[in-house]
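Written out below as structure tokens is the structure these notes cover.
There are 2 protein chains.
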Amino acid sequence: MSGYEVRPIGVVRSALTDPATAPKQGPEGAPEAELLLDPAVLPALDGTAPGDRVIVLTWLDRARRDLLAVHPRDDPANPVRGVFSTRSADRPNPIGLHEVEVVAVDGPRVRVRPLEAVDGTPVLDLKPVL
Amino acid sequence: MSGYEVRPIGVVRSALTDPATAPKQGPEGAPEAELLLDPAVLPALDGTAPGDRVIVLTWLDRARRDLLAVHPRDDPANPVRGVFSTRSADRPNPIGLHEVEVVAVDGPRVRVRPLEAVDGTPVLDLKPVL
Chain A
43 MSGYEVRPIG VVRSALTDPA TAPKQGPEGA PEAELLLDPA VLPALDGTAP
93 GDRVIVLTWL DRARRDLLAV HPRDDPANPV RGVFSTRSAD RPNPIGLHEV
143 EVVAVDGPRV RVRPLEAVDG TPVLDLKPVL
Chain B
43 MSGYEVRPIG VVRSALTDPA TAPKQGPEGA PEAELLLDPA VLPALDGTAP
93 GDRVIVLTWL DRARRDLLAV HPRDDPANPV RGVFSTRSAD RPNPIGLHEV
143 EVVAVDGPRV RVRPLEAVDG TPVLDLKPVL
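Line order of the protein sequences matches chains A and B.
Each number in this note's numbering corresponds to the 1-based position in the first sequence with 42 added.
Each number in this note's numbering corresponds to the 1-based position in the second sequence with 42 added.
Structure follows, in structure tokens:
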């Protein structure tokens with residue numbers, strides 16, 4: 043099967059800069075952060091408002107795509123298991139899913155919380171929580 | 043920003059073949075279906091078992107990537123809104139999220155339900171529901 047190209051629609055702006063020390067999941071103390079979107083996709087934001095619960099999809103560009111099994115939560119005490127039964131960033135297609143609340147929308151800037159993705163992480167999509 | 047290549051890890055095998063008549067979401071009557079994975083990623087399945095709730099990520103290869111606003115649920119009676127506040131398949135990066143239950147795992151074949159993706163849809167990832 044051939045591949046497909048994902049094209050970032052924006053980038054995460056966050057006080058978090060080090061994946062090694064960032065929370066592994068949003069509810070584990072992740073901060074509020076900003077999604078800075080490409081002005082070209084602004085029409086796609088129409089209808090997104092503060093208070094909405096959305097799933098942010100990111101491209102975890104620092105992940106290893108060749109790892110198929112890991113110690114969950116990077117803890118050597120956890121037995122190795124296949125990445126499809128973990129939320130490890132390391133996986134064949136390192137797409138991150140982050141459920142957040144929209145705090146504010148100001149043009150191409152979308153403030154959300156909590157977000158564990160580090161500064162500079164490419165953003166691929168926003169979807170409403172069903 | 044440059045793009046990234048997603049590489050399918052498998053394909054959906056389903057009785058559903060027509061996106062126009064397929065359910066829009068799994069709980070809307072979607073059938074059981076099979077994920078036929080590439081044998082090369084089998085180690086990533088270690089730890090996935092019947093009864094697990096997982097999120098299947100797909101690449102909606104028939105979607106339009108140039109549409110930024112749509113009538114939700116393809117219903118002209120619904121006012122047009124930005125795709126980021128809809129679950130439309132049409133969006134800049136047409137990645138589908140499908141929450142399913144694992145029914146059976148047999149080598150590279152993973153039976154899941156319910157799945158609204160049509161036959162032939164590329165599969166990108168499986169993640170446990172948190």
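Note that the Cβ used here is the ideal one computed from N, Cα and C, for glycine as well.
Computed from a prediction, not measured in an experiment: that's the story for all the values here.
Min CB distance residue i to chain B below 8 Å
i         : result
Asp-116/A : no
Val-48/A  : yes
Trp-56/A  : Reading off the sequence, residue 56/A comes out as Ser, not Trp. Taking Cβ atoms only, chain B never reaches closer than 8 Å to Ser-56/A, which makes this a no.
Thr-90/A  : yes
Arg-133/A : yes
Val-160/A : no
Lys-169/A : yes
Leu-99/A  : yes
Thr-128/A : yes
Ala-86/A  : yes
Ala-111/A : yes
Leu-102/A : no
Leu-172/A : yes
Leu-78/A  : no
Residue i and residue j closer than 8 Å at C-beta
i         : j         : result
Val-228/B : Val-154/B : With chain B covering 43 to 172 only, the question about residue 228/B has no answer from this structure.
Ala-131/B : Ala-105/B : yes
Leu-102/A : Gly-68/A  : no
Glu-141/A : Arg-107/A : no
Pro-85/A  : Leu-110/B : yes
Thr-163/B : Thr-90/B  : no
Pro-156/B : Ala-62/B  : no
Arg-129/B : Leu-77/A  : no
Phe-126/B : Leu-166/A : no
Residue i at chain A interface by Cβ criterion, 8 Å
i         : result
Val-125/B : yes
Val-142/B : no
Gly-71/B  : no
Gly-93/B  : no
Val-83/B  : yes
Leu-157/B : no
Gly-149/B : no
Leu-166/B : yes
Cβ-Cβ separation, residue j to residue i (assumed contact under 8 Å), whole Å
i         : j         : result
Leu-79/B  : Gly-52/B  : 4 Å
Asp-11/A  : Val-160/A : As shown, chain A starts at 43 and ends at 172. That puts residue 11/A outside it, with no answer to give.
Ala-146/A : Pro-92/A  : 6 Å
Val-48/B  : Asn-135/A : 5 Å
Lys-66/A  : Glu-143/A : The Cβ separation is near 19 Å, so there is no contact.
Cross-strand partners of residue i (DSSP beta bridge)
i         : result
Leu-242/A : No answer is possible for residue 242/A: the residues shown for chain A start at 43 and end at 172.
Val-147/A : Val-152/A
His-113/B : Note: His-113/B sits in no beta bridge, so no partner.
Thr-100/B : Gly-138/B and Val-165/B
Gly-93/A  : Paired residues: none, contrary to the question.
Glu-47/A  : Glu-47/B
Gly-124/A : Ala-111/A
Heavy atom of the ligand ZN within 7 Å of residue i beta-carbon
i        : result
Ser-56/A : Among the components modelled here there is no ligand, and therefore nothing to report on the ligand ZN.
Does the stretch 146-154 of chain A come within contact of the stretch 100-118 of chain B, defined as at least 3 CB pairs closer than 8 Å?
no
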